[in-house]
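Chemist: Pasting in a structure now, in structure tokens, and then I'll have a few things to ask.
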Amino acid sequence: MKKSLLSLGLTAILTVVGASSALAVPGDSTSLTVTQAAPDYTRNIAGANKAGKITLQSQGLATAELWQACPGRGDKLLNLNTSPSKVEDSSVVYMQEGCFYYAKVTSYSSSSATVYLRNFN
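Per our numbering, the sequence shown starts with residue 703, numbered consecutively.
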């Protein structure tokens, strides 16, 4: 009886955790604003087997790197850049389910830089 209750309890927990994880994937996004000399990373978002988008905005010199973390490996996918004459840069990228995506953003001027990352286009 104790084993069956324990088994039932574990099954219920795994079902709830699995359902909440599956529901959290589509439509996830994050953003981050940094100031000069304070580069930082966004939180991870999960890939959803569809095109996602990364956008960098700044009035000055700034960069954003998009990284993909899949089981057993991590890869830098692309770089975005802004300048005083180019205040926004963006790219659409396929975001694979089972992988996580995050961005590193750096401002090289007195202007702040903001990166937006989402797993939908």
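Ideal Cβ positions, reconstructed from N, Cα and C, are used throughout, including at glycine.
(1) Where are the beta strand (DSSP E) runs, 3 residues long or more, that stay fully inside the stretch 794-819, in chain order?
(2) If we count the other Cβ atoms within 10 Å of its Cβ and call it buried at 16 or more, is GLY754 buried or exposed?
(3) Taking Cβ positions, are ASN781 and GLU790 nearer each other than 8 Å?
(4) Just the Cα atoms here: how many angstroms apart are ARG775 and SER812?
(5) Within a Cβ cutoff of 6 Å, which residues of the same chain sit near TYR804, ignoring the five residues on either side of it in sequence?
(6) What did DSSP end up calling ASN823 once you bin it into helix, strand or coil?
Modeler: Reading it off the structure:
(1) Taken in chain order, the whole beta strand (DSSP E) runs of length 3 or more contained in the stretch 794-819 are 802-809.
(2) Your numbering for residue 754 matches position 52 in the sequence shown. With 16 or more other Cβ atoms within 10 Å, it is buried.
(3) Along the sequence shown, one-based indexing puts residue 781 at 79. Along the sequence shown, one-based indexing puts residue 790 at 88. No, they are not a contact pair.
(4) Sequence index remark: in the sequence shown, residue 775 carries index 73 (1-based). Sequence index remark: in the sequence shown, residue 812 carries index 110 (1-based). The alpha-carbon atoms of ARG775 and SER812 are separated by roughly 35 Å.
(5) Taking the sequence shown and counting its residues from 1, the one referred to as residue 804 is at position 102. Same-chain partners within the cutoff: TYR743, THR744, ASN746, TRP769.
(6) By one-based count along the sequence shown, residue 823 stands at place 121. Looking at ASN823 - three-state DSSP - the assignment turns out to be coil, as it is neither helix nor strand.
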